[in-house]
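Numbering (my numbering), first residue to last: 19 to 882.
Yeah, the Cβ is synthetic: ideal placement off N, Cα and C, and Gly gets one too.
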């Protein structure tokens with residue numbers, strides 16, 4: 019039996035539910051403390067009554083912190099003891115805990131601080147703490163955490179510090195070290211006391227045979243924020259900075275505080291990638307706190323280093339091996355959202371993607387596709403970016419209107435195209451049906467277990483007129499919407515089903531990007547999907563914030579677009595996202611009408627599905643898509659395509675087993691899909707690739723030299739004479755806009771009409787002055803009739819101030835030697851910067867980490 023004279027000090031803060039068990043365990047100790055005093059800092063009546071009932075001394079000094087509470091207890095006790103046993107109200111000591119601590123103190127006279135083995139309050143078989151240390155950067159580090167107690171750590175060992183929960187400390191050492199400093203961050207106070215003890219020449223150790231159950235209310239974030247000095251993340255950041263200030267050499271400390279704002283900003287992408295965004299605000303607040311209390315941090319450093327050398331501390335810091343092992347141990351595998359037993363590659367279903375790939379052969383990419391609604395993209399990615407999320411169109415003398423939202427997709431296609439922006443659109447059209455197969459297969463995997471049924475859904479979607487037909491018809495906008503819509507719905511669902519916050523954040527980032535792609539290709543379909551996002555969030559309120567955050571990029575991109583058309587009084591045009599968008603065919607003539615009716619008929623099979631609620635939800639979504647497509651036809655193909663996909667999924671979800679009738683029906687459906695795809699492929703008129711230039715080579719070269727400040731008067735003769743002012747090397751696809759179709763640009767109409775009439779008639783009176791006034795550098799003539807072309811060329815060529823510049827497939831060209839006016843410039847929209855940042859955040863969240871891929875979550879206790 020130990021002969022130490024011990025005073026037990028219990029610091030309580032209004033948690034009688036834990037205090038009762040703590041006092042009961044204290045009364046049952048095999049080694050009874052000489053004094054027991056309870057410091058109630060919250061003046062909780064129930065807690066005070068428990069102390070009086072136990073027969074222990076009670077003081078209520080007010081709402082003070084731990085260090086001051088212990089000092090108040092020392093002042094209230096007789097000075098006839100040599101050791102302090104510190105306990106928290108949420109610490110329950112086993113019957114022999116104090117006895118084992120006392121034996122360790124007697125065996126090792128140089129020891130001033132001894133800590134017990136802390137076990138989880140609700141799971142005594144798991145170790146919560148067994149000594150504290152820090153990394154070389156100053157981050158507090160648990161030597162043992164969240165391990166099952168099998169006696170593997172029962173050897174007596176020296177450590178840098180121990181928790182104050184259950185700590186036995188010599189009274190003389192307490193006074194010399196200054197006790198626990200309340201100005202020190204809560205999560206660093208235990209560590210600082212141990213560092214000071216080592217600097218003063220004392221030993222600090224743990225006694226594993228002394229066992230204390232500890233709830234860890236502070237570490238678990240179950241104390242009020244005032245107790246922690248902020249959230250758990252803020253408390254950790256403060257502890258990290260404070261300990262680094264103590265341990266690092268002074269030049270490094272000064273550099274840390276100088277570069278702290280930069281460090282906090284640089285860490286933001288890292289925290290987003292690791293799916294711990296809560297740490298961002300914690301670090302920023304920690305940095306502000308450190309700057310505001312710099313004098314206190316330096317004073318604490320001075321006191322610690324004034325006690326002696328910190329050389330003994332270096333040998334007790336966490337090693338690289340310990341840190342690496344802790345990161346592995348901190349990953350706890352949990353069951354996540356249901357995973358398909360056979361993925362698309364493991365089940366060999368990926369080979370079926372060759373079918374839509376072969377069906378897309380008529381649009382094998384051979385270069386840029388030029389139609390009445392498709393034009394080449396600019397070869398310069400910077401020029402495409404300048405026309406993305408901008409205002410101001412190069413139409414006539416300029417048009418104050420926004421560029422199309424779909425330019426964001428064009429920018430992405432140009433950026434990722436391996437063959438350059440010229441091939442970006444043709445590659446997307448060619449690969450679209452194949453991508454549609456993979457998208458639909460993964461979408462079906464969320465509801466259907468059998469791989470072959472998912473394959474049917476994938477083929478039914480990818481070979482449908484809404485995907486394959488859109489690709490073969492070069493319906494770029496509808497194809498893009500049809501591919502992004504299932505992804506947005508799928509990722510939103512998975513973010514709700516995830517059992518880990520990290521995975522939920524990743525799916526949320528992916529859903530934000532997918533919904534953004536849908537919003538810029540079909541605003542009407544995006545509205546339906548947004549409603550779906552909100553409903554999912556209301557079903558699972560814990561994840562509602564993720565669904566709402568996923569809407570942010572879409573709101574930022576569509577708000578200026580909708581606002582512009584609202585002010586113009588043409589809200590219906592806000593639903594058309596691109597100049598290249600094509601209207602749908604009428605139901606009587608469209609080949610997809612029979613296909614859609616056949617797919618809808620398959621819904622009857624879905625009545626046999628086991629989950630009626632899912633079937634009804636899907637049917638409601640289909641009806642919503644049909645209703646939207648009836649009133650809004652610019653995205654009708656995409657809306658009906660998604661409705662068909664959902665119908666196919668619901669249909670096959672009712673098939674529970676393979677039998678002969680099912681096999682025959684499956685074969686017929688498969689043949690129907692493939693046959694329809696073959697018919698589409700054969701009957702579609704082949705799109706010819708052309709040279710990417712839209713103007714003669716001389717005009718293109720001059721435009722490149724003058725950075726686009728070249729104005730050409732383009733005269734087109736057919737049944738009527740059309741005159742058009744063209745800037746630079748021609749209006750590329752990203753420079754075309756919905757507004758230029760429906761709004762009149764600023765044009766000097768009278769001067770253009772007078773100039774055009776004079777040129778056609780060969781009347782040079784006033785022509786040179788008009789060319790000079792308008793700043794026209796080139797005149798381009800193109801007539802459908804060769805005889806008319808020749809006559810007009812003679813008329814224009816008769817003017818001596820116009821120099822012939824050759825003929826090309828674009829027509830006859832003349833040079834004026836006039837310095838062109840400055841081309842109208844596009845300016846970024848007010849919210850473009852915020853939109854880019856929101857997409858960057860979504861992208862970082864979408865990037866996988868090893869823990870996310872394996873379906874792990876990080877233990878909170880390991881983060882200290």
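Proximity to residue i [Cα-Cα], best of the options
i	options	result
residue 463	857, 118, 193, 667	667
residue 156	100, 261, 203, 190	261
residue 378	432, 489, 848, 280	489
residue 292	527, 592, 76, 154	527
residue 10	119, 595, 102, 29	As displayed, the chain neither begins before 19 nor continues past 882, which places residue 10 out of reach and without an answer.
residue 305	637, 280, 545	280
residue 70	92, 137, 51, 45	45
residue 814	803, 833, 828	833
residue 390	789, 139, 493	493
residue 835	638, 816, 790	790
Proximal residues to residue i (C-beta, below 6 Å), its chain only, five neighbours per side dropped
i	result
residue 60	31, 32
residue 786	819
residue 409	420, 845, 847
residue 710	386, 394, 440
residue 850	407
residue 362	368, 459
residue 263	271, 315, 319
The beta strand (DSSP E) enclosing residue i, as first and last residue numbers
i	result
residue 131	129-138
residue 366	Segment: none, residue 366 is in no beta strand (DSSP E) and carries neither H nor E.
residue 107	Premise fails: residue 107 is in no beta strand (DSSP E) and is neither H nor E.
residue 745	739-745
residue 570	Taken as a continuous stretch (DSSP letters only), residue 570 belongs to no beta strand (DSSP E), being part of the alpha helix (DSSP H) at 570-585.
residue 800	796-801
residue 832	829-833
residue 77	75-77
residue 495	Note, residue 495: premise wrong, no beta strand (DSSP E); alpha helix (DSSP H) at 494-515.
Residue range of the unbroken alpha helix (DSSP H) whose run includes residue i
i	result
residue 443	439-463
residue 116	115-125
residue 223	No alpha helix (DSSP H) holds residue 223; the beta strand (DSSP E) holding it covers 221-232.
residue 519	519-537
residue 53	Element bounds for residue 53: not the alpha helix (DSSP H) but the beta strand (DSSP E), 53-58.
residue 725	Segment: none, residue 725 is in no alpha helix (DSSP H) and carries neither H nor E.
residue 264	250-265
residue 809	804-815
residue 160	It is not in any alpha helix (DSSP H) - residue 160 instead sits in the beta strand (DSSP E) that spans 158-160.
residue 269	268-291
Rounded Cβ spacing between residue i and residue j (contact assumed at less than 8 Å)
i	j	result
residue 151	residue 336	5 Å
residue 134	residue 115	6 Å
residue 475	residue 670	6 Å
residue 100	residue 188	7 Å
residue 36	residue 107	5 Å
residue 477	residue 341	At roughly 50 Å, the Cβ-Cβ gap does not stay under 8 Å, so residue 477 and residue 341 are not in contact.
residue 89	residue 197	6 Å
residue 452	residue 375	5 Å
Same chain, Cβ closer than 8 Å to residue i, neighbours up to 5 away in sequence not counted
i	result
residue 224	132, 133, 134, 135, 148, 149, 174, 175, 177, 180
Residues near residue i by beta carbon distance below 7 Å, same chain, minus five either side
i	result
residue 525	509, 512, 513, 516
residue 539	424, 427, 495, 498, 499, 502, 595
residue 810	735, 778, 799, 801
residue 221	126, 128, 129, 130, 176
residue 76	56, 58, 66, 69, 70
residue 601	651, 652
residue 192	102
Answer yes if the segment 750-761 comes into contact with the segment 420-437, meaning at least three C-beta pairs across the two stretches below 8 Å, and no otherwise. The segment 420-437 makes contact with the segment 750-761, as at least three CB pairs between them are under 8 Å.
Below 8 Å, can you find three or more Cβ-Cβ pairs linking the segment 792-808 to the segment 711-730? yes
Can at least three beta-carbon pairs, one atom from the segment 469-489 and one from the segment 382-393, be found at a separation below 8 Å? no
Closer than 8 Å is the cut-off here; do at least three beta carbon pairs connect the segment 409-419 with the segment 460-479? no
For the pair the segment 179-188 and the segment 220-234, tell me if three or more CB-CB distances fall below 8 Å. Contact between the segment 179-188 and the segment 220-234 is present, because at least three Cβ pairs lie under 8 Å.
Counting pairs of Cβ atoms below 8 Å between the segment 493-503 and the segment 512-524, do you hit three or more? Segments in contact, no.
Counting Cβ pairs closer than 8 Å, one from the segment 545-564 and one from the segment 398-407, do we hit at least three? no
At least 3 beta-carbon pairs within less than 8 Å: the segment 255-269 vs the segment 191-207: yes
Is it a yes or a no for the segment 564-578 touching the segment 522-540, going by three-plus beta-carbon pairs under 8 Å? yes
Does the segment 315-333 come into contact with the segment 547-555, if we say contact requires no fewer than three beta-carbon pairs (one atom in each stretch) closer than 8 Å? The segment 315-333, when compared against the segment 547-555, does not touch it at the 8 Å Cβ threshold.
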